[in-house]
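J.:
Chains as they are written, first to last, in the working numbering: chain S, 373 to 981; chain A, 373 to 981.
1. Give the secondary structure of residue 935 of chain A by DSSP, where H, G and I count as helix, E and B as strand, and everything else as coil.
2. Select from S:771, S:930, S:909 the residue whose C-alpha is nearest the C-alpha of residue 920 of chain S.
3. I want to verify the contact list: residues of chain A whose CB lies under 7 Å from the CB of residue 958 of chain S, in sequence order.
4. Quick test of your reading: residue 432 of chain S and residue 646 of chain S, contact by CB under 8 Å. State the CB separation rounded to the nearest angstrom.
5. Counting only C-beta atoms, is residue 481 of chain A closer than 7 Å to chain S at any point?
6. Give a yes or no on whether 7 Å exceeds the smallest Cβ distance from residue 898 of chain A to chain S.
7. Whose Cβ in chain A lies nearer than 9 Å to the Cβ of residue 950 of chain S?
8. To which residues of the same chain is residue 454 of chain A closer than 6 Å at the C-beta, ignoring the five residues directly before and after it?
9. For residue 974 of chain S, which three-state DSSP category applies?
10. Just how far apart, CA to CA, sit residue 846 of chain A and residue 860 of chain S?
11. Taking just the CA atoms, how far does residue 552 of chain A sit from residue 567 of chain A?
12. Taking the straight line between their C-alpha atoms, what separation do you get for residue 495 of chain S and residue 600 of chain A?
13. For residue 518 of chain S and residue 512 of chain S, what's the separation of their Cα atoms in angstroms?
14. Evaluate the contact criterion for the region 672 to 687 of chain A versus the region 863 to 874 of chain S: three or more CB pairs, one atom per stretch, below 8 Å.
15. Which of helix, strand or coil does DSSP assign to residue 878 of chain A?
16. Is any beta-carbon of chain S found at less than 7 Å from that of residue 342 of chain A?
17. Which full runs of the alpha helix (DSSP H) of 4+ residues lie inside the region 389 to 437 of chain S, going along the chain?
18. Does the separation of the CB atoms of residue 390 of chain S and residue 534 of chain S fall below 7 Å?
19. Tell me where the alpha helix (DSSP H) around residue 686 of chain S begins and ends.
20. Give the residues of chain A in contact with residue 724 of chain S, contact being defined as C-beta atoms less than 9 Å apart.
21. Find the nearest neighbour of residue 744 of chain A within the set A:818, A:588, A:498, judged by alpha-carbon distance.
22. Between which two residues does the alpha helix (DSSP H) carrying residue 486 of chain S extend?
23. What separation, rounded to the nearest whole angstrom, lies between the Cα atoms of residue 927 of chain A and residue 970 of chain A?
24. Beta-carbon within less than 8 Å of residue 799 of chain S's beta-carbon, same chain only, minus the 5 sequence neighbours each way: which residues are those?
25. Rounded to whole angstroms, what is the Cα-Cα separation between residue 977 of chain A and residue 836 of chain S?
26. Let me check understanding here. Comparing Cα to Cα, which of S:437, S:613, S:667 lies closest to residue 559 of chain S?
27. So the candidates are A:841, A:422, A:631; which of them puts its Cα closest to the Cα of residue 656 of chain A?
28. In whole angstroms, give me the CA-to-CA distance for residue 900 of chain S and residue 862 of chain S.
29. Can you give me, in chain order, the residues of the region 825 to 837 of chain A that have a beta carbon less than 8 Å from any beta carbon in chain S?
30. Since residue 976 of chain A meets chain S, which of its residues come closer than 9 Å, beta carbon to beta carbon?
31. Taking the C-alpha atoms as reference points, what is the distance between residue 905 of chain A and residue 934 of chain S?
32. Quick check on residue 762 of chain A: does DSSP put it in helix, strand or coil?
33. Ignore the nearest five residues each way along the sequence and tell me which others in residue 469 of chain S's own chain have a CB closer than 6 Å to its CB.
34. Fully enclosed by the region 830 to 897 of chain S, which alpha helix (DSSP H) runs are 4 residues long or longer?
35. From the DSSP output, read off the bridge partner residues of residue 942 of chain A.
36. Measure the Cβ-Cβ separation of residue 408 of chain S and residue 688 of chain S and say whether it is below 7 Å.
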């Protein structure tokens, strides 16, 4: 019934042969793979300032040194990831690098951390996109959740349909956002130079003054929040095979360009926030406040900034829609996740991964009322754990392989790993009570689930191992025929059963004494030589007596195989099925729990006019 | 998984032999079968006065003559029903009487009308019971719906569990209610006689004065509303076989006593309402207002009145729980309703009827916010239609049989039929726009559904008619074996298939070119002489290629029978089922739509440790 609707929404199914990869240039690659990283500018400064704000205006000044530290960290991680790109030109996700070099558990920890963070990326990015809209149009504040769910719905739909020519779709919003923010910063610098933004407020705090008022914990908290600017940096090293040849060189160059753009934008936004005394509050984002202050009101330039911000945030959510299903399919291929994640849907997308991601992201958005700042305590914990594992894996790899220049390379990675490990530790400490504890609990739980799944697949494979010789089949075959009544269907079924073997036993569950007697009377004429057993059913249950009977048959001899034949009317229309008793379905479902019936067969009888 | 919970709630299953009927004396019979009728006193006067109130205080005076007319009508119907009791001592429900004497359609109209009214009786009675509670404790007004749903839940639970010794349970509340209302009226008469209730208000309206101010339509409306007092009168004639011998005589005597009590209570309550200028409003029922006025405040006598009122109203809802499932089972036995309504559950109750009634009553209570006065426009339309059909059926019966004294008897019934037909017509006219139109639409729809169901059962019976001789079975047997992979399960299944017949065809859906080739290479060793066909699946669908293949097999020859064998892993735990692809279930469900495969068999392979 749903099929025409599905066709309309998703289009015709695509043949497997249509699967081909679009190759990315450096220009399109930056657009496709950096929206997640660059869009962090839309919320990282907010998150940092929000942590500082409770300590008063003075504390805000601390944002400047923090932003510098974060930018330096970003550059460090970037150069560490360049090593990974050259070492894993086929795409070095944290799961693969950690599993290869540090072992399965490390790989699974990285994978779980990433899966959790992909879900959070969708929720945070879409919520931040909604915040950009609400900043420009405050009257929409009441519709945050519906807007966020609608965005997720559109992204999921696009991904289920399979996005073609993705490069071109992505290029426009990403570059438009870079241009918008660049313009904002340029105009800001120019107007500040021309003295048009008024003298710097007398109270404008310096870091030293701030230091007096606030404690180290607050600083660490703000640092951890600001580090969300670094989320998404790993996307390019995951996507290397999508680049034109030479893939690794192109990817590495794109990564460096992206990191420089990101660092510039984040520093610019953070510095102007301090300069203009922008404090984040629930109704307007920092970027929107800066836009109004620098562009001078809600004019077209400001609106362009808000529109491009929303667009790149939605695109950032979209990158999780590429990464989550792909990682789930890799885990499934390796036997750690349900095999269904490897199935490609009608349009060649990993539909099951897309569906699961959508469900969880929608749940998060509803739970957190589509407010990205509330999600920040959970966010990026997983990212920094996977960064750390990936880079530690690179160190281990270099030490093992000892290729020329390995000391220098592994040094780079070691610095990266140490930095991100420190950030991870700060994250967990600073935000533990606010919500990071959830992630700290979820990651080992996730690893345990992946290991349990792997164990089941291993045991199944062992149970299904081929024997040495083709099996000869069982010595004896018992065919049990369920006879609810005497009619044309049952008569045909008995004739069929007689063909299957010699030991055919008809069984009737006696619910109605009169009917059972009538059946016994007529059986010699219609039973084709089979015996008929009438089972007592004092409690009017159809299924119980049959199961008890089968247990008795089972005990008769070993090395036998039992086939049970169940008559089944096949009505012409769906509603007609409601008019017939469901005992056959009940029986089938109960038989699943018993191990002694090997073949459960429905003898089907179509009802025609 | 649900089974232990079910046992706890419902108790152990009862054997069919435990089904026996408790015989009722006149005293217990009155208690068991009259709660529905007597409880009408709790809302009928309210409904009547509510229709008059908008025309002003003067109009209220009209309640007295209306109450007298309704009481007279009640006595007429009672004597008409005495005829039915003697004519149908095995229980003469309106469906049976109308079907026997006026034809199937008339019977089904009566049945539909009754089924609808049984649902409404539950909703109205439980809502009125909640109103009695809220009248005594106004702070509970916000919890109307939860209280009503809880009452319905308890009644449904009791009926699913099977109520034993029902006579004793029922006797207490019914007689307590009679005593409470009797006391109310007696104290009222005594205090009025002693002049303790003050002189009758100067403005106390007389019927003549009222007539000036109000139109005929309003009077008819009030009359129709007041006639809800007569609902439930038919219960005794439905329940004759439950009485002690001589059943009919005992039932007839009980009916007359009940009618007299009901008429007295209804007249008393209505007259005192006029005398004390009681106008119904949303927060307090008429009976509660009378109780406070006559007993002099919220004292124990008043509280007893409210408690017994609630109790008898809940019991009244309970009578629908006996009548609805029984009527549904009779309709199902006659082939007009789904056969599931004839099944007795673990505790010998008609569980499916109980479940359906509960669902619909809860929906009504939620929809109408548990306010019985809002439900009144829908209520009793069906009752009076079924009264009319039942008595018209008795007239037709007498005229056909012409037994001694038939003129006198049928005259009685004719007067009854004419009266109730008039009431029915007034109902539809006066309350059409307020909601009666829903019932006027639902009744023909219901009849159409019952006839459609009957047609399906007739066609099914014809399709299943036994042939003249036992069938010989098909000439040719094709066994199609689905081979998703080569493993121990598949090898055993092929060995089994070889036993079933000679024409065994293994089929593999090629989703992965490498795996398909490996399978083809190994098949000569493991296929036991069967052929292997690899089906192309460009769109990665498992089901479509199999269905297309089966169509080709179907076209090969006529007079053949196709068995399809599907391998099925049977995991040890429920969650393990999630880890395996569901193509076998998809295939089975799609096969239902195709008519050419006769036997669909699962070859099951239990996974052990």
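Beta carbons are placed, not taken as given, at the ideal position from N, Cα and C, and that holds for glycine.
T.: The short version:
1. DSSP places residue 935 of chain A in strand when its eight states are reduced to three.
2. Taking only the C-alpha atoms, the option nearest residue 920 of chain S is S:909.
3. For the C-beta of residue 958 of chain S, not a single chain A residue is nearer than 7 Å; the gap to the nearest is close to 12 Å.
4. Between residue 646 of chain S and residue 432 of chain S the Cβ distance is about 6 Å, and since that is below 8 Å, they are a contact.
5. By this cut-off, residue 481 of chain A is not an interface position.
6. Closer than 7 Å: yes.
7. From the beta-carbon of residue 950 of chain S, the residues of chain A found nearer than 9 Å are 710, 712.
8. Sequence-distant partners of residue 454 of chain A (beyond 5 residues in either direction) whose C-beta falls short of 6 Å from its own C-beta, in its chain, are 624.
9. Strand, per DSSP.
10. Roughly 14 Å separates the two Cα atoms.
11. Their Cα atoms are separated by approximately 22 Å.
12. For the pair residue 495 of chain S and residue 600 of chain A, the Cα-to-Cα distance works out to about 57 Å.
13. Looking at the two C-alpha atoms, the distance is approximately 10 Å.
14. Counting C-beta pairs closer than 8 Å gives fewer than three between the region 672 to 687 of chain A and the region 863 to 874 of chain S, which falls short of the contact rule.
15. When DSSP states are grouped into helix, strand and coil, residue 878 of chain A belongs to the strand group.
16. Nothing in the structure corresponds to residue 342 of chain A, since chain A is present only between 373 and 981.
17. List check, alpha helix (DSSP H) in window: 398 to 405, 407 to 411, 416 to 424, 429 to 432.
18. No. Outside cutoff.
19. For residue 686 of chain S, the uninterrupted alpha helix (DSSP H) run begins and ends at 672 to 705, by DSSP.
20. Residues of chain A passing the Cβ test: none, with the nearest at roughly 10 Å.
21. Among A:818, A:588, A:498, the Cα nearest to that of residue 744 of chain A belongs to A:498.
22. Boundaries of the alpha helix (DSSP H) around residue 486 of chain S: 476 to 508.
23. Approximately 15 Å between the Cα atoms of the pair.
24. If we look at residue 799 of chain S and ignore the five residues flanking it on each side, its Cβ neighbours are 596, 599, 752, 753, 756, 808.
25. Here the alpha carbon of residue 977 of chain A sits roughly 9 Å from the alpha carbon of residue 836 of chain S.
26. The candidate whose alpha carbon is nearest that of residue 559 of chain S is S:667.
27. Answer by Cα proximity: A:422.
28. Using only the alpha carbons, I get a separation of about 11 Å.
29. Residues passing the 8 Å Cβ filter: 825, 828, 829, 831, 832, 835, 836, 837.
30. Those within 9 Å of residue 976 of chain A in chain S are 963, 964, 967, 969, 970, 971, 972.
31. Going from the Cα of residue 905 of chain A to the Cα of residue 934 of chain S covers about 28 Å.
32. Looking at residue 762 of chain A - three-state DSSP - the assignment turns out to be helix.
33. Listed in chain order, the non-local C-beta contacts of residue 469 of chain S below 6 Å within the same chain comprise 762, 765, local neighbours out to five positions each way being set aside.
34. Taking only runs of at least 4 residues, the alpha helix (DSSP H) segments lying wholly in the region 830 to 897 of chain S are 860 to 872.
35. A:978.
36. It is a contact, given that the beta carbons lie within the stated cut-off.
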